[in-house]
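Residue numbers (my numbering), protein chains in the order written: chain A, 18 to 135; chain B, 18 to 135; chain C, 18 to 135; chain D, 18 to 135. Cβ atoms here follow ideal geometry from the backbone N, Cα and C, with glycine treated the same way.
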DNA sequence: GTGGTCTAGACCACC
DNA sequence: GTGGTCTAGACCACA
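As structure tokens, this is what we get:
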């Protein structure tokens, strides 16, 4: 798999997982791929996958059962949305507001820009 | 001055300059502060300021007159807007679209979020 | 049954057994559950239960009669207390002392903290 | 420097730092050793030191200034005490209570044990 | 110089 | 088999 350079690979892997969980590719209480397994399928070092898993474990989106593997936590979906929503409001919304002023964009124009991308 | 850790300092300084130019704090053909001057006032390494200046010079927003200093280029405002607009549409608009889907946000809700910040 | 992730499961199972022995759930010379039986009731790998049994066997708290099962050893209670006491004094007491200094806790405050949990 | 095997080295390094901060070896707003510097002095891999620093950064005990190094955060001392206190109450106090019951220790006996260690 | 990330490969305890 | 930690060494962007 290919990763883009703008963002750390371990974060892109974390996104892969959260996206998968949102799409119910992995459901609550289900086991996600083992570190090594996922690492070889992504053609990435196991440490890098491990880092993504630890990152999500800290956010209580996945949890580890000793010697067995990582599992999707109950309420993972809600946690993912809550975290992403908070990030969006804290980091992106102010930026959007600033850019609208700078570019002299009305909300309708912004709406059009967003609708235009498929 | 304090900078946030998420973004390179030289980019934050560049934003400081473009914002100042847009607000006509520095007008076209006017001289902006010298590298050394600006560096001490920002409590930052002169190299870092220099990097911001080079960055804006590449975008033809400012220009260097050897031995004298950096000056705001003609049409700097239009260039700033053009560049920021392109970046906004290419990088941010798709991200906004994605987040709206993920967070299940309507345009009205987005509008409210944006209006809510002052 | 649920285990916490901080401690090895086989040690948690060993604690389950010593607690049971202290509470006379299993008395001296009585047979404790078979490895397989216990494993299925705990929803755990039999190897893990076996490891807990071996661990207690090494401490002479339980003993194996080949082909029959594991039995609580004579004097198991005294041994359990002796071992736990030694561990407590060697490992935990110094730590408590250190934390009291760090957190600036008096004995009375410690006493209160301990009393507060039920 | 020697580390004991019971606890991850990166956590022992984190303890080294929090202890140092509490003892004002490094004061608020002061720079702590660079990752590489500390790694060589401890005879440990830089990654391991980095992990300890990241760990403390997550807890907002230290903070990074880009390209310069890590600095002790304001209020680091309070944060350290708050975190350690919470851990103590959540993990150790219940255990102490349990051991007192099991070993049939009175509080005065516990007090004596603690006082006995120099 | 600084931190941040990644790879390759190893060892360990645990299940 | 699983994760968890560590080493050695590399490359990068940034100050």
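Asked                                                                                                                                  : Found
Buried or exposed by the 16-neighbour rule on C-beta atoms within 10 Å, applied to residue 66 of chain D                               : buried
Same chain, Cβ closer than 6 angstroms to residue 26 of chain B, five either side skipped, listed in chain order                       : 20 and 65
Residue 31 of chain A, buried or exposed, once every other Cβ within 10 Å from all chains shown has been counted against 16            : buried
Burial state of residue 29 of chain D (16 or more Cβ within 10 Å)                                                                      : buried
8 angstroms Cβ cutoff met for residue 38 of chain B and residue 130 of chain A                                                         : no
Separation of residue 70 of chain B from residue 98 of chain A, as counted between CA atoms                                            : 40 angstroms
Any C-beta of chain D under 8 angstroms from that of residue 134 of chain C                                                            : yes
Straight-line gap, residue 62 of chain A to residue 53 of chain A (C-alpha atoms, nearest Å)                                           : 8 angstroms
Candidates B:109, B:87, B:59 and B:119, of which the one nearest residue 45 of chain B by Cα                                           : B:87
Within-8 angstroms CB hit, residue 111 of chain A to chain B                                                                           : yes
Alpha helix (DSSP H) runs contained entirely in the region 78-133 of chain A, provided each spans 4 or more residues                   : 93-104, 110-120 and 124-133
9 angstroms Cβ cut-off: residues of chain C touching residue 101 of chain D                                                            : 116, 119 and 120
8 angstroms Cβ cut-off: residues of chain C touching residue 24 of chain D                                                             : Those within 8 angstroms of residue 24 of chain D in chain C number zero; the least Cβ separation is about 12 angstroms.
Neighbouring residues, chain B, relative to residue 64 of chain D (Cβ below 9 angstroms)                                               : Those do not exist, as residue 64 of chain D stays about 21 angstroms from chain B at its closest Cβ, beyond 9 angstroms.
Neighbourhood of residue 43 of chain A by C-beta, 6 angstroms cutoff - its chain only, sequence neighbours within 5 removed            : 37, 49 and 89
Alpha helix (DSSP H) segment containing residue 46 of chain A, residue limits                                                          : Where residue 46 of chain A is concerned, there is no enclosing alpha helix (DSSP H), given that its DSSP letter is neither H nor E.
Check whether residue 18 of chain A and residue 73 of chain A have beta carbons under 8 angstroms apart                                : no
Amino acids of chain B, ordered along the chain, whose beta-carbon sits closer than 8 angstroms to that of residue 83 of chain D       : 20, 22, 25 and 26
Neighbour list for residue 39 of chain A in chain B, Cβ cutoff strictly below 8 angstroms                                              : 119
Presumed contact (8 angstroms Cβ cut-off) between residue 96 of chain A and residue 78 of chain A, rounded CB distance                 : 5 angstroms
Residue 127 of chain A, buried or exposed, once every other Cβ within 10 Å from all chains shown has been counted against 16           : buried
Reference residue 114 of chain D; option with closest CA among C:118, C:109 and C:123                                                  : C:109
Neighbouring residues, chain C, relative to residue 107 of chain D (Cβ below 7 angstroms)                                              : In chain order: nothing, as chain C lies at least about 10 angstroms away.
Residue 134 of chain C versus residue 94 of chain D: straight-line alpha-carbon distance, rounded                                      : 27 angstroms
Chain-ordered chain C contacts of residue 8 of chain D [CB-CB under 9 angstroms]                                                       : With chain D represented from 18 up to 135, any question about residue 8 of chain D goes unanswered, as that position is not in the structure.
C-beta contact flag for residue 81 of chain A and residue 22 of chain C at 8 angstroms                                                 : yes
Residue environment, residue 35 of chain D, which counts as buried when at least 16 other CB atoms sit within 10 Å                     : buried
Length of the line joining the Cα atoms of residue 122 of chain D and residue 83 of chain D                                            : 53 angstroms
Candidates A:116, A:120 and A:33: closest to residue 55 of chain A by CA position                                                      : A:33
Length of the line joining the Cα atoms of residue 118 of chain A and residue 104 of chain B                                           : 15 angstroms
Own chain partners of residue 76 of chain B with C-beta closer than 7 angstroms, once the 5 adjacent residues on each side are dropped : 96 and 100
Any chain A beta carbon closer than 8 angstroms to residue 98 of chain B                                                               : yes
Proximity winner among A:41, A:120 and A:85, relative to residue 40 of chain B (alpha-carbon distances)                                : A:120
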